[in-house]
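Undergrad:
Number of protein chains: 2
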Amino acid sequence: MTDLLTRTIAAITPLDADAMRAAEARQLQLTKPPKALGRLETLSIQLAGIQGKAQPVIESKAIAVMAADHGVTAEGVSAFPAEVTPGMVFNFAAGGAAINVIGRHVGARVLVTDVGVNADLSAAEGVRQKKVRMGTANMAQEPAMTREQAVRAIEIGIELVEEELGKGLDIIATGEMGIGNTTAASAVIAALTGEPAATVTGRGTGISAAALPAKVAVIEKALAVNQPDAADAIDVLAKVGGLEIAAMTGVFLGGAAHRIPVVMDGFISAAAALAAVRLCHECVDYILPSHVSIEIGHQVVLDELGLVPLFDLQMRLGEGTGAALSMSIIEAAARILSEMATFESAGVAGDPSDADAELTR
Amino acid sequence: MTDLLTRTIAAITPLDADAMRAAEARQLQLTKPPKALGRLETLSIQLAGIQGKAQPVIESKAIAVMAADHGVTAEGVSAFPAEVTPGMVFNFAAGGAAINVIGRHVGARVLVTDVGVNADLSAAEGVRQKKVRMGTANMAQEPAMTREQAVRAIEIGIELVEEELGKGLDIIATGEMGIGNTTAASAVIAALTGEPAATVTGRGTGISAAALPAKVAVIEKALAVNQPDAADAIDVLAKVGGLEIAAMTGVFLGGAAHRIPVVMDGFISAAAALAAVRLCHECVDYILPSHVSIEIGHQVVLDELGLVPLFDLQMRLGEGTGAALSMSIIEAAARILSEMATFESAGVAGDPSDADAELTR
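Chains as they are written, first to last, in the numbering used here: chain A, 1 to 361; chain B, 1001 to 1361.
1. Pull up the DSSP beta-bridge partners for leucine 264/A, would you.
2. I'd like to know whether the C-beta atoms of valine 1218/B and asparagine 91/A end up nearer to each other than 7 Å.
3. What residue does the beta strand (DSSP E) around isoleucine 45/A start on, and which one ends it?
4. If I measure Cβ to Cβ from isoleucine 158/A and keep anything under 8 Å in the same chain, skipping five residues before and after, which residues do I get?
5. Using beta carbons (cut-off 7 Å, strictly below), is serine 1328/B in contact with chain A?
6. In the DSSP assignment, find the unbroken alpha helix (DSSP H) run with leucine 28/A in it and report its ends.
7. Cβ of glutamine 1029/B less than 7 Å from any chain A Cβ?
8. Taking the continuous alpha helix (DSSP H) assigned at glycine 322/A, which residues delimit it?
9. Kindly indicate if chain A contains any beta-carbon less than 7 Å away from that of isoleucine 1294/B.
10. Pick from Ala275/A, Ala346/A, Gly49/A, Gly241/A: whose alpha carbon is nearest that of valine 72/A?
11. Return the residue from the list Ile154/A, Ala230/A, Val65/A, Ile287/A that minimises the CA-CA distance to valine 188/A.
12. Would you call lysine 61/A buried or exposed, if buried means 16 or more other Cβ atoms sit within 10 Å of its Cβ?
13. Would you call the stretch 163–178 of chain A in contact with the stretch 257–267 of chain A, where contact means no fewer than 3 C-beta pairs closer than 8 Å?
14. Cβ atoms of alanine 270/A and isoleucine 287/A: under 7 Å apart, would you say?
15. Within 7 Å (strictly less), CB to CB, does arginine 109/A reach chain B?
16. For the alpha helix (DSSP H) containing glutamate 1247/B, list its first residue and its last residue.
17. Please compile the residues from chain B whose C-beta is within a distance smaller than 7 Å of the C-beta of methionine 134/A.
18. For arginine 1039/B, go through chain A and note every residue whose CB falls closer than 7 Å to its CB, in chain order.
19. Exposed or buried, serine 122/A, counting other C-beta atoms within 10 Å across all chains shown (16 or more means buried)?
20. Jot down the residue ranges of each uninterrupted beta strand (DSSP E) in the stretch 53–87 of chain A, minimum 3 residues, whole runs only, in chain order.
21. Check distances from the C-beta atoms of the stretch 1061–1093 of chain B to those of chain A and list, in chain order, the residues that come in under 7 Å.
22. Tell me the start and end of each unbroken beta strand (DSSP E) in the stretch 1119–1173 of chain B that is at least 3 residues and wholly inside, in chain order.
23. Should serine 186/A go down as buried or exposed, given a rule of 16 or more other Cβ atoms within 10 Å for buried?
24. Under the rule that 16 or more other beta-carbon atoms within 10 Å means buried, what is alanine 17/A, buried or exposed?
25. Count the other C-beta atoms from every protein chain shown that fall within 10 angstroms of the C-beta of methionine 1020/B, then say buried if there are 16 or more, exposed otherwise.
26. Taking the alpha-carbon positions, what's the aspartate 285/A to glycine 95/A distance?
27. Just the chain B side, please: which residues come within less than 7 Å of valine 348/A by C-beta, in chain order?
28. Please look up how many angstroms separate the CB atoms of alanine 323/A and glycine 178/A, rounded, as I've assumed it's under 8 Å.
29. What whole-angstrom Cβ distance do valine 1132/B and alanine 1153/B have, given they're in contact under 8 Å?
30. For a contact meaning CB atoms closer than 9 Å, what does leucine 1288/B contact in chain A?
31. With DSSP run on the structure shown, which of helix, strand or coil describes proline 278/A?
32. Quick one: grab the DSSP three-state call for glycine 116/A.
33. Would you please verify whether the beta carbon of valine 122/A is less than 7 Å from any beta carbon of chain B?
34. Counting along the chain, where does the alpha helix (DSSP H) carrying glutamate 1304/B start and finish?
35. What span of residues does the alpha helix (DSSP H) with valine 188/A cover, start to end?
36. Does the beta-carbon of alanine 1224/B have 16 or more other beta-carbons within 10 angstroms, so that it is buried, or is it exposed?
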């Protein structure tokens, strides 16, 4: 590993228990029955532990959209042509994509990075130019990239977090664009979990049900040809992953190292998160799940990481859209903890200890 | 019925099919795989049908918090004393409650109405003074209120919508405050659905598991003493309901009559929504579900109305908190439809008709 990656992983520590205790105590003083705000309360306590503040702040928000291409599209695994990747990067730059709309809506800046799109994107205004290579190789025939390239892509994600710290960064979401990347994500998840490819592979942007077995077969072939080492997440990312997936792994690690909550988006983000947790187990506490996508492999990763999504809106777009949407809920959780009156300050009667907080449905 | 109520019910018509078709057609042109935004897309189409606009607008937002007291608290059905109701109304007025925080967060104005709090609230600044009576009577012994009072409370909800129209109103959420109102809501739902009280009664703000059978028995007694007519929702609201529940029923009806989407909050809001739909079946298309609360009866009503909540965050506070939180998602759905680029405008390749939109998990 390089210095940056080694140093980042070493910097990831457990959540701040004192801040969490203080946040939990304050929740019990707020003008509501104890625990009546459910997951908003536990979320606020986790945010306190991540940021190391009894009253965490979620104001400065960013969405990291990592873009790259996939040589495996030569196998016909996607309903859309590979040219859509650069086309969508220009769409991001112009502010016309779904992630731009949701980013504006939740007040988060959208940071688009070319980690490896197979086209010249130098004319795409505002796009961070960090191309490692012109897309991956076709993993059904050879490794998607070298180990050094995978590490470099991870570093690009870490560097993004570090660059943004100076501008103010309270939370960051992962997002991506890359035609063919559900195929790579399925391969990464199958390799890291040992699940059969068929269990973690879905229809992506919308291939037909009839085309799904061929997609599964391509993933099985990629795993057989490359023999990724399940105990070495970098090896897995290099052989059957993607440049944008590795870059998102870097965002998860960089966020955790700098005590910034990282919101996981959909299926591709989940593959990146799983790789990050395999590189550093403590990283998992810094990952906030957002939604669960239609892709069947997403739930497999959520279960593996012990994460419960905030909502299920049957989304399957990627780009960071689900994660960005969830930022409104996460910000609300933080604001409630800081801004609500306490029983004492509001002069409201009623000892909250009268009520039983341990309710379940 | 009075003129206002009769006129309001008569004004509720089916959704605008032309606007919905136009919205659906536009969704297919946006730069994403067809239906990849899942429920955000169906929500935008419903909003189009409600507002009668191909591109619906969710900007001016309001949360109607209806407050009232319940004579049935004399039976010991709540973990909190009845004095908490006026205390919380002052907290709303001062901006310190959870609904104030979430309202500010989503950019919605919080409109607090005293429909029947058992205390003098004339000093509560900004609270709409519409007291019908000083709380309901104890429904375990007599009708909670007269039929005329129930109708008056419904009208207060309708009038609220009509007053706000002039200030700009694109969406309204229901919320409430009233110690004892889970008891009334359970009674209303049991009466309207025929479900046994035990099936629709939970632990409210947090009574102990041991105290739950006594709460169920109180509801059973109220139903036996008053014999509400399941075919007459006003009779049910009057005999075993609450003033704030009836007022929220008015908000649902008034919203539907004026083509304003009404967001349903938790369990108490659900009881009001069910009564509104029993008074006018078409009203259901104007109701947007938000969350599902811990109270077991909430899911019963969602099923009865055919509504699927947007999220389940284990909330059980009321006040409109879940509905207000969901406004961010609903607004995002509308903005996506209007603000996203189309494949043509963005110059992105790829015919979306190549992709199969009918994906499920």
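Where a beta carbon is used, it is the ideal one built from N, C-alpha and C, also for glycine.
TA: Judging by the given coordinates:
1. Sequence check: residue 264/A is methionine here, not leucine. Methionine 264/A is bridged to Pro289/A.
2. no
3. Isoleucine 45/A -> not in any beta strand (DSSP E); alpha helix (DSSP H) instead, spanning 39–51.
4. Leu4, Leu5, Thr8, Gly250, Val251, Leu253, Gly254, Ala257
5. yes
6. 17–29
7. no
8. 321–339
9. yes
10. Gly241/A
11. Ala230/A
12. buried
13. yes
14. no
15. no
16. Residue identity check: residue 1247/B is alanine in the sequence provided, not glutamate. Residues 1243–1257.
17. What methionine 134/A touches in chain B: nothing, since even the nearest Cβ is about 18 Å away.
18. Leu313, Gln314
19. exposed
20. 61–68
21. Ala1079, Phe1080, Pro1081, Glu1083, Val1084, Gly1087, Met1088, Asn1091
22. none
23. buried
24. exposed
25. buried
26. 32 Å
27. Val1084, Gly1087, Met1088, Asn1091
28. So it is not a contact: roughly 16 Å between Cβ atoms.
29. 5 Å
30. Chain A residues near leucine 1288/B: none, gap ~13 Å exceeds 9 Å.
31. Here residue 278/A turns out to be arginine, not proline, going by the sequence shown. If DSSP states are grouped into helix, strand and coil, arginine 278/A belongs with the helices.
32. strand
33. In the sequence as presented, valine is not what sits at residue 122/A; that position holds serine. No, no contact with chain B.
34. 1296–1305
35. 181–193
36. exposed
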